[in-house]
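Visitor:
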Amino acid sequence: MRRIGIGLCIIGLLAWGCGTDRKTYEGDIPPQSGQFYKNKMTDQVVVADCRRDTPIGRMTATALQGLVNQDTARVYLYLADHHVRQLNDTKRNFQVLPAGVQTRNPGLKSLFGKYASRVKTIYLWNPEEEWTWNMAVMLSAHNQGIPLTAGLKEELLDGLAWEGKTENLQGRWASKGEAYEWAMKEILPRSHPSVLFSVGLRSDWVHNPWTLYDYAVASKGFAFWLDDADSTEQQIIRQICQKGKYRPGSIVMGYAKSGDDLLTTVNQYGIGYVVSDYYSNGSFWCSYPNKSFKQRPGVALEKVEAGKVYVSIIFSDGDNLQFDQNALYAIWTEDSLRGDIPVGTTLAAGLQEINPFLLEWYYSHKSDNDELVAGPSGFQFIYGRDYQEEGYDEWLELNRKWLASAGFSVGCLWHTTFGTDRFDRYIKTSGLKGIFDGDDKTGTVLQDGVIIMNQGAHLVQEGDMYNSLVYHTPVDSTRPLFINLYPTAATYGYHGIARLKREMARLEAEFPGKYVYLLPGDLVATARRYFERQNVKTSDK
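Here my numbering is used: the first residue of the sequence shown is 141, the next is one more, and so on.
(1) Let me check you understand the geometry: is the CB of Gln242 closer than 7 Å to at least one non-hydrogen atom of the ligand HEM?
(2) Between Ser398, Leu309 and Asp298, which lies nearest to Val339 when the distance is taken from Cα to Cα?
(3) What's the C-alpha gap between Gln674 and Arg619?
(4) Since Phe362 sits in a beta bridge, which residues does DSSP pair it with?
(5) From the DSSP secondary-structure annotation, give me the bridge partner or partners of Met393.
(6) What does a CB cutoff of less than 7 Å around Ile327 pick up in its chain, not counting 5 residues either side in sequence?
(7) In angstroms with no decimal places, state the Cα-to-Cα distance between Thr584 and Phe558.
(8) Just to confirm, is the Cβ distance from Leu461 to Tyr503 under 8 Å?
(9) Thinking C-alpha only, which one of Ser173, Asn209, Asp401 and Asp168 is nearest Pro429?
(10) Asp161 to Val392, Cα distance in whole Å?
(11) Looking at the secondary structure, which residues open and close the alpha helix (DSSP H) in which Lys568 lies?
(12) Taking the Cβ atom as the reference point for each residue, do Gln492 and Tyr413 lie within a distance shorter than 8 Å?
(13) Specify the secondary structure class of Tyr450 as computed by DSSP and reduced to three states.
(14) Could you name the residues that DSSP lists as bridge partners for Thr212?
(15) Can you name the start and end residues of the alpha helix (DSSP H) that Lys254 belongs to?
(16) Quick one: grab the DSSP three-state call for Glu500.
(17) Indicate whether the contact test is met: 3 or more Cβ pairs, each with one atom in the stretch 247-254 and one in the stretch 176-193, closer than 8 Å.
(18) Give the straight-line distance between the Cα atoms of Phe563 and Leu498, rounded to the nearest whole angstrom.
(19) For Thr164 and Val513, what's the separation of their Cα atoms in angstroms?
(20) With distances taken Cα to Cα, identify the nearest neighbour of Ala645 among Val186, Tyr606, Tyr611 and Thr613.
(21) Looking at C-alpha atoms only, which residue of Glu373, Ala213, Thr289 and Arg225 is the closest neighbour of Tyr355?
This is the structure:
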């Protein structure tokens, strides 16, 4: 374990083998399955380099990738530079398709040139009728098609002898509502029974389109782009959820026009949220066999001193697949200081099925000062207060199993309201040793053998950690205080370890010996031991 050379109290309680020794993290229980669409692996991987393609070219390439990968994961796309490294991490053999240097959309053209015979129908869509993109994506998934604008069709077929038909979706439906009414009748009954998508033409699509479309096409999940903040469109979402007859454990992937607020609607139908808008190559990574994992249990400090503040730190947003693959991956690969201080990183438990390779990559690159933690609210993003009551117990059982086989012993829980029956049932069933409450109204509590504490201040910029801890420095010097902090991966995270170290140094200079930094699991174990020895169950909120 590396240390900061300024006398900070940074404690690594137990070394559990080398961070690259597979035997230390292989799970003892079977991995979970059935949440995500899966396909088969192949030893003949083809790569299309789309990094020089136009935004609409990249977006279209992901849809074509999904078509080719529906049965077997043959195609991988370079959409960003780190996708090259991630494929190289696999040490698999692959062929990069040759692409013309001077051509427009060279990646898409190379991919279509190789697999044009698989495409039976071109579905013409119009950006002025945004719903035609979603209809084209779903029709392509079910009918061996590709969604193209008229201009892109002309460009793609130039000089290529393609035998197929073209179906024009422009003007086919008088309105968005009419289009989705048709899709619920004609496409929904044939769609994936437990995976659906909130994806579409967000305002920034013309510059930076989402990359999840390969997984939407490969899985044949129903794909809508509707605003649940609009009463009319929310009603369409509700109709989709009702007619889809989704069971607890079902998911909506992508992101919503209203952001996280889509949860309030879909949770009422037993559907969880797996945010994943910029998750790439999903139809490739899901071919890896499911795998379970484990971490060392949290270890309590033997001695806790009154008047000191015991702190854990958890990087946010790992429930979001695109953060696991992009921002958090960048922190873990590019921050040379990672491992200097104890930090937790939230990840999605579902990675054990949808991208086992990535979850294993994190486990194999852990230092003794890293811990992997469940993001909100366990194995899926839900608001416990809004989740369908008749499916909640079934969801809780799934949550327990997925968290256990992912190797997580602590996790975050949002909008379930501490003190309610929903929260109590979560505590009793999750199997977690510690729960960080995103409502931040808990303080630190021991209940049913589980430590529940505030998830803590969101650290957005340098100085937030200092301000938060100084604010919480206890006036009562007769007891310790247990605190978690929650730096946001998107704003604080990149080069975040250096920021944290500077803030720690500032705090140490002004309050020598006041703050003790632990991994989340160790903080939870320490708080539990303290409460049990003191025969108390709570501290001030």
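Positions of the beta carbon are idealized from the N, C-alpha and C atoms, including for glycine.
Guide: So, from the listed chains and residues:
(1) The model on display carries no ligand, and the ligand HEM is accordingly not part of it.
(2) Ser398
(3) 10 Å
(4) Leu336
(5) Phe337 and Val414
(6) Met278, His282 and Phe362
(7) 11 Å
(8) no
(9) Ser173
(10) At Asp161 the pLDDT is 46, less than 50, meaning the model places this residue with poor confidence and gives no usable figure here.
(11) Asp561 to Thr569
(12) no
(13) strand
(14) Lys180
(15) Pro246 to Tyr255
(16) helix
(17) yes
(18) 31 Å
(19) 17 Å
(20) Tyr606
(21) Ala213
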